[in-house]
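Below is one structure, written out as structure tokens; comments come after it.
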Amino acid sequence: MTIRTRFAPSPTGYLHVGGARTALFSWLYARKYGGQFVLRIEDTDLERSSAESVQAILDGMKWLGLDYDEGPFYQTQRFDRYKEIINQLMEQGDAYYCYCSKDELETMREEQRANKQKPRYDGRCRHLTTPKAGVEPVIRFKNPIEGSVVVKDLIRGDIEFNNSELDDLVIARPDGTPTYNLTVVVDDIDMRMTHVIRGDDHINNSPRQINIFKALHAKPPLFAHVPMILGDDGARLSKRHGAVSVMSYRDEGFLPEALLNYLVRLGWSHGDQEIFTKEEMVNLFDIQDVNKAASSFNTDKLLWLNQQYIKVSSPAHIAEHLRWHLEHKNIDTSAGPDLKQVITLYQDRAKTLAEMVDSSRFFYIIPDSYDEKAANKNLTDKSLPLLEEMLVRLRDSKQWLAEPLHEQIKECAEKNDVGMGKVAQPIRVAITGNTVSPSLDITLELLGRERTLSAIEMAISWIKDQA
Ligand code: GLU
Numbered sequence: 004m005t006i007r008t009r010f011a012p013s014p015t016g017y018l019h020v021g022g023a024r025t026a027l028f029s030w031l032y033a034r035k036y037g038g039q040f041v042l043r044i045e046d047t048d049l050e051r052s053s054a055e056s057v058q059a060i061l062d063g064m065k066w067l068g069l070d071y072d073e074g075p076f077y078q079t080q081r082f083d084r085y086k087e088i089i090n091q092l093m094e095q096g097d098a099y100y101c102y103c104s105k106d107e108l109e110t111m112r113e114e115q116r117a118n119k120q121k122p123r124y125d126g127r128c129r130h131l132t133t134p135k136a137g138v139e140p141v142i143r144f145k146n147p148i149e150g151s152v153v154v155k156d157l158i159r160g161d162i163e164f165n166n167s168e169l170d171d172l173v174i175a176r177p178d179g180t181p182t183y184n185l186t187v188v189v190d191d192i193d194m195r196m197t198h199v200i201r202g203d204d205h206i207n208n209s210p211r212q213i214n215i216f217k218a219l220h221a222k223p224p225l226f227a228h229v230p231m232i233l234g235d236d237g238a239r240l241s242k243r244h245g246a247v248s249v250m251s252y253r254d255e256g257f258l259p260e261a262l263l264n265y266l267v268r269l270g271w272s273h274g275d276q277e278i279f280t281k282e283e284m285v286n287l288f289d290i291q292d293v294n295k296a297a298s299s300f301n302t303d304k305l306l307w308l309n310q311q312y313i314k315v316s317s318p319a320h321i322a323e324h325l326r327w328h329l330e331h332k333n334i335d336t337s338a339g340p341d342l343k344q345v346i347t348l349y350q351d352r353a354k355t356l357a358e359m360v361d362s363s364r365f366f367y368i369i370p371d372s373y374d375e376k377a378a379n380k381n382l383t384d385k386s387l388p389l390l391e392e393m394l395v396r397l398r399d400s401k402q403w404l405a406e407p408l409h410e411q412i413k414e415c416a417e418k419n420d421v422g423m424g425k426v427a428q429p430i431r432v433a434i435t436g437n438t439v440s441p442s443l444d445i446t447l448e449l450l451g452r453e454r455t456l457s458a459i460e461m462a463i464s465w466i467k468d469q470a
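This note's numbering runs 3 ahead of the 1-based position in the sequence shown.
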């Protein structure tokens with residue numbers, strides 16, 4: 004049997020981390036067993052679905068590198084097929100028209116509550132033989148009345164539901180459009196799904212869907228209901244806990260592999276190993292090993308993982324992602340130093356790529372303003388002659404390499420009888436706008452003669468303008 008799994012998001016918002024984790028688990032399971040992974044966009048709720056959300060899902064999948072073998076399929080393009088199945092269920096006697104109005108249903112539920120019963124549709128239209136004039140009916144599935152359904156869940160084990168607890172669910176709305184529980188089953192049959200891996204908010208849908216599978220003479224898939232993700236306060240992870248959309252993690256400077264690594268560990272572990280390459284994930288992951296309990300999102304841990312990935316990734320790989328961030332901030336890297344070399348200066352420290360952009364942008368943009376405190380301390384009348392002297396020394400320096408540049412700074416300090424910091428720090432402010440940079444000689448070597456001289460010239464004019 005070829006394993007076939009799917010990710011079936013409803014495009015009613017961005018791709019959030021919970022969805023991404025479900026997608027990752029489905030993807031890993033298919034990849035591990037040499038199966039296929041399908042992407043299906045469940046866009047039948049026309050009011051809540053949007054083209055932007057579809058795009059956000061596609062972008063998120065692409066950024067995470069979760070490639071699919073088939074799809075994206077769109078449910079809105081399959082209405083004819085759903086209609087066909089609804090008709091089939093009607094003809095088989097497994098579905099019926101229900102004419103109950105909202106008020107009638109509400110009164111029914113109130114009576115049930117008053118009698119201390121669980122509110123549920125009581126099947127009163129099951130045996131109607133004549134339509135009610137002037138009412139557009141819904142269509143309900145005839146759920147079996149007796150017996151029970153077992154959901155075979157690879158995470159939780161078998162979960163049994165009594166049919167007496169499941170009511171006849173609506174499979175078509177008055178306008179004939181199909182509902183979620185019907186479309187999912189039709190698609191899972193047509194797309195030959197062997198495993199349905201999804202959030203545990205769908206647990207109560209599964210027995211109902213299995214009954215529809217049975218009515219359609221199809222073998223139900225195996226299920227894996229993945230527990231939810233909680234925020235650090237124990238409540239279900241949501242926007243108020245900060246970033247939850249996958250793309251906002253990109254924007255904040257996370258590497259996709261760090262986020263994937265973080266997500267795989269949310270509810271799954273392999274001994275005490277924390278860092279997994281994609282290949283290791285594929286080899287070691289198994290859906291049976293996912294925890295039953297909910298897991299909590301921990302941003303500090305994600306940051307730590309990101310830092311580890313930044314540290315060990317090749318500069319060329321980081322450059323691919325960093326370039327996106329720089330372009331996004333309109334920073335043109337074509338005229339400045341090789342990005343890969345700049346990256347090596349920051350790899351050991353940066354927690355995010357956004358942080359790396361902030362600290363390295365001066366390599367590509369000469370600052371036109373300075374941090375006030377840094378300038379007040381370092382761009383002064385006293386530092387002016389030192390900067391002027393350095394301008395000449397650097398202009399004349401034969402070799403633009405860290406070591407001779409260091410010598411120039413040292414000689415200038417000695418000649419003027421000041422500490423090296425008194426020479427170095429004004430240059431640092433001139434080139435970065437602030438007082439932080441990697442080792443100055445290496446920084447200058449990378450920045451290049453032309454840019455260094457321009458920055459020092461600008462700082463000199465700035466000091467003169469202050470007078
Ligand atoms: N479209 C459903 C959702 O986004 C998922 C359905 C499923 O995986 O079966 O919650």
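Ideal Cβ placement from N, Cα and C applies to all residues, glycine included.
Quick caveat: nothing in here was measured; it's all calculated off a predicted structure.
* Using only alpha-carbon positions, find the residue among A11, Y124, Y32 that is nearest to Q78. => Here residue 78 refers to the residue found at position 75 of the sequence shown. Per the Cα distances, A11.
- Anticipated Cβ contact below 8 Å, F279 with V267, distance rounded: Here residue 279 corresponds to residue number 276 of the sequence shown, with the count starting at 1. Here residue 267 corresponds to residue number 264 of the sequence shown, with the count starting at 1. About 6 Å; that satisfies the 8 Å criterion.
Considering only C-alpha positions, which residue in the set S464, L447, T25, K467 is nearest to F226?
Taking the first residue of the sequence shown as position 1, residue 226 is located at position 223. Among S464, L447, T25, K467, the Cα nearest to that of F226 is on T25.
Checklist entry - On the three-pair Cβ rule with 8 Å, is the stretch 41-56 touching the stretch 109-117? => result no
**OP:** Starting from the C-beta of G22, find all residues in its chain whose C-beta is less than 7 Å away, skip the five residues before and the five after it, and write them out in chain order.
**Re:** Here residue 22 corresponds to residue number 19 of the sequence shown, with the count starting at 1. For G22, where only same-chain residues beyond five positions count, the Cβ hits under 7 Å are P12.
>> Quick check on the burial criterion: 16 or more other C-beta atoms within 10 angstroms. Buried or exposed for D156?
In response: Locating residue 156 in the sequence shown gives position 153, counting from the first residue. When all chains shown are included, D156 counts as buried.
Problem set entry | 3-residue-minimum beta strand (DSSP E) runs that sit fully inside the stretch 194-266, ordered along the chain | 198-202, 225-229
| said: Tell me which residues pass a beta-carbon proximity test against the ligand GLU: closer than 5 Å to any heavy atom, given in chain order. | reply: A11, P12, S13, E45, V187, R201
Original post:
If we count Cβ pairs, one from each stretch, closer than 8 Å, do we get three or more for the stretch 328-338 versus the stretch 354-363?
Top reply: yes
Give me the Cα-Cα distance between F76 and D254, rounded to the nearest whole angstrom.
Numbered from 1 along the sequence shown, position 73 holds the residue referred to as residue 76. Numbered from 1 along the sequence shown, position 251 holds the residue referred to as residue 254. C-alpha separation (whole angstroms): 28 Å.
Exercise for review: Please report the Cβ distance between F144 and L92, rounded to the nearest whole angstrom; I am assuming they are in contact, meaning their Cβ atoms lie under 8 Å.
Suggested key: Against the sequence shown, residue 144 aligns to sequence position 141. Against the sequence shown, residue 92 aligns to sequence position 89. The pair is a contact, with the Cβ atoms about 7 Å apart (cut-off 8 Å).
*Quick one: complete alpha helix (DSSP H) runs, 4+ long, within the stretch 36-120?*
54-67, 82-95, 105-117
Determine, using beta carbons only, whether R486 and V141 come nearer to each other than 8 Å. The shown model of the chain, from 4 to 470, leaves out residue 486, and the question about it has no answer.
Presumed contact (8 Å Cβ cut-off) between L377 and T455, rounded CB distance: Locating residue 377 in the sequence shown gives position 374, where the first residue counts as 1. Locating residue 455 in the sequence shown gives position 452, where the first residue counts as 1. The sequence shown places Ala at residue 377, rather than the Leu named in the question. About 18 Å separates the two Cβ atoms, so there is no contact after all.
ask   = Excluding the five sequence neighbours on either side, which residues of its own chain have a C-beta within less than 8 Å of the C-beta of S372, listed in chain order?
value = Translated into positions along the sequence shown, residue 372 becomes position 369. Within the same chain, S372 has close Cβ partners G436.
- I162 lies in the alpha helix (DSSP H); which residues open and close that run? Taking the first residue of the sequence shown as 1, we reach residue 162 at position 159. Premise fails: I162 lies in the beta strand (DSSP E), 160-165, not in any alpha helix (DSSP H).
Less than 8 Å between the C-beta atoms of S167 and L18, yes or no? Residue numbering aside, residue 167 sits at position 164 when the sequence shown is read from its first letter. Residue numbering aside, residue 18 sits at position 15 when the sequence shown is read from its first letter. Not a contact, by the Cβ cut-off of 8 Å.
Please report the distance separating the alpha-carbon of K467 from that of G424. As a working note, residue 467 is residue 464 in the sequence shown. As a working note, residue 424 is residue 421 in the sequence shown. Cα to Cα, the separation comes out at about 21 Å.
(request) Please say whether A261 and A308 have beta carbons closer to each other than 8 Å? (result) Taking the first residue of the sequence shown as position 1, residue 308 is located at position 305. Taking the first residue of the sequence shown as position 1, residue 261 is located at position 258. It is Leu, not Ala, that sits at residue 308 in the sequence shown. Yes; because the gap between Cβ atoms is below 8 Å, this pair is in contact.
For Q58 and R211, what's the separation of their Cα atoms in angstroms?
Looking up residue 58 in the sequence shown gives position 55. Looking up residue 211 in the sequence shown gives position 208. Answer to the nearest angstrom: the Cα atoms are 31 Å apart.
- Item | I430: first and last residue of the uninterrupted alpha helix (DSSP H) it sits in | For this step, residue 430 is matched to residue 427 along the sequence shown. It spans 423-435 - the alpha helix (DSSP H) in which I430 sits, taken as one unbroken run.
Worksheet item: For T180, does the three-state DSSP call read helix, strand or coil?
Response: Taking the sequence shown and counting its residues from 1, the one referred to as residue 180 is at position 177. Coil.
Please report the residue range of the alpha helix (DSSP H) in which V315 lies.
What you label residue 315 is simply residue 312 of the sequence shown in a count that begins at 1. Residues 302-315.
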